[in-house]
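Below is one structure; the comments refer to it alone.
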Amino acid sequence: MPELPEVETVRKGLLALVQDKTIATVDVYWPKIITNDTAKFQKALQGKVIETIDRRGKYLLFRFSDNLTMVSHLRMEGKYHLDTAVTPIDKHTHVVFNFTDGTQLRYADVRKFGRMTLGLTGFEQSLSGIAALGPEPLSKAFTIAGFTQALKKHHKNIKAVLLDQHTVAGLGNIYCDEVLWLCKIHPLQPADTLTAKEIKALHAAIQIELKTAIAAGGTTIRSYVDASGQQGHFQLQLHVYGREGQPCERCGTIIEKFKVAGRGTHICPKEQQLR
DNA sequence: AGCCCGTCCTGAGGGC
DNA sequence: TGCCCTCAGGACGGGC
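Using the working numbering, you'd call the opening residue of the first sequence number 13 and step up by one each time.
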């Protein structure tokens, strides 16, 4: 499941593969992936050049010539890769961008949860999802003061707050469990009850964790690969996610798994206690 | 405003 | 072997 480090890894890899390429045509095999009118989407992209690719939270922002931006969210299993027209389209490929040089950018998504939206650059600021997004965790906009203020507004549990993207952008289920373990905070602890010390530790852990995960090319748990088909390596540095039944690396207590906000959640029951 | 829940999807894995 | 059921979950819209 691509979270910020995986999306950033995809962005960098993808940029190296498709920058400056010109789109000839677009094939759409599962129209629900495109939230615009499919025919308009296809027509608008004809002849456009991919100038760069940006990222905001877990969203990829393809910047095209003529002031067009395509917002793309991979959700659970979305993947991009470069291919040639002679390779048969597999059943999980839903959108194909045909370039004028004969190569293709293919979007595959087993679950079909991913979405793409095209508009005039800047439209993404008012797109639901991006408009309400919290600060980028690796930018100066993510301050301890702002983080503290945002946490005070919520009485729901800290894990749900970190997951919902409004307080800070980019964390998903895996990195939430990891940073909470690092800071010894119980995922059900109400956000507005965290101490200043805990908030400071969480703020730091989020940044270190995401930076380290980006450096490792992201985390491959089920199926994540980057734009070149390479797996990430950060799964080797996970402390709690997917480790239920195994001893905590710090204290030896058996890691437990239960549901929080509808998500599988992993904790060390000794070190992460609800207050 | 905040919060919770249903929805979208398919493949993997368990039970019998 | 094969079938059925459950689980995995990010974001969003609707309802309270």
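Backbone N, C-alpha and C define an ideal beta-carbon position, used for all residues, glycine too.
Exposed or buried, His215, counting other C-beta atoms within 10 Å across all chains shown (16 or more means buried)? buried
Contacting residues, own chain, Cβ-Cβ under 7 Å from Gln247 (five flanking each side not counted): Thr231, Thr232 and Ile233
Hey, out of Val180, Ile142 and Val61, whose CA is closest to Leu150's CA? Val180
Those runs of the alpha helix (DSSP H) which lie wholly inside the stretch 58-133 and span at least 4 residues: none
Distance, Cα to Cα, Pro43 vs Pro14? 22 Å
How would you call Thr81, buried or exposed, if buried means at least 16 neighbouring beta carbons within 10 angstroms? buried
Taking C-alpha atoms, which residue in Val108, Val22, Val19 and Cys280 lies nearest to Glu261? Cys280
Just curious, the beta strand (DSSP E) that Arg275 is in, first and last residue? Arg275 to Ile279
Between the CA atoms of Thr50 and His178 - distance to the nearest angstrom: 30 Å
Lys271 lies in the beta strand (DSSP E); which residues open and close that run? Glu268 to Val272
Using the three-state DSSP reduction, which class does Ala216 fall into: helix, strand or coil? helix
Lys52 burial status per 10 Å Cβ neighbour count (16 or more: buried): exposed
Nearest to Leu73 by CA position, among Leu26, His93 and Phe111, is which residue? Leu26
For Leu206, tell me which candidate among Gly182, Val173, Gly229 and Leu222 has the shortest Cα-Cα distance. Val173
Whole angstroms is fine: what's the gap from Gly141's alpha carbon to His85's? 10 Å
Proximity below 7 Å, CB of Asn110 to CB of Thr37: yes
Length of the line joining the Cα atoms of Asp121 and Val107: 9 Å
What first and last residue would you give for the beta strand (DSSP E) that runs through Arg40? Reading off the sequence shown, one finds Val at residue 40, where the question assumed Arg. From DSSP, the beta strand (DSSP E) with Val40 extends over Ile35 to Val40.
Would you give the residue range spanned by the alpha helix (DSSP H) that Thr21 belongs to? Leu16 to Val30
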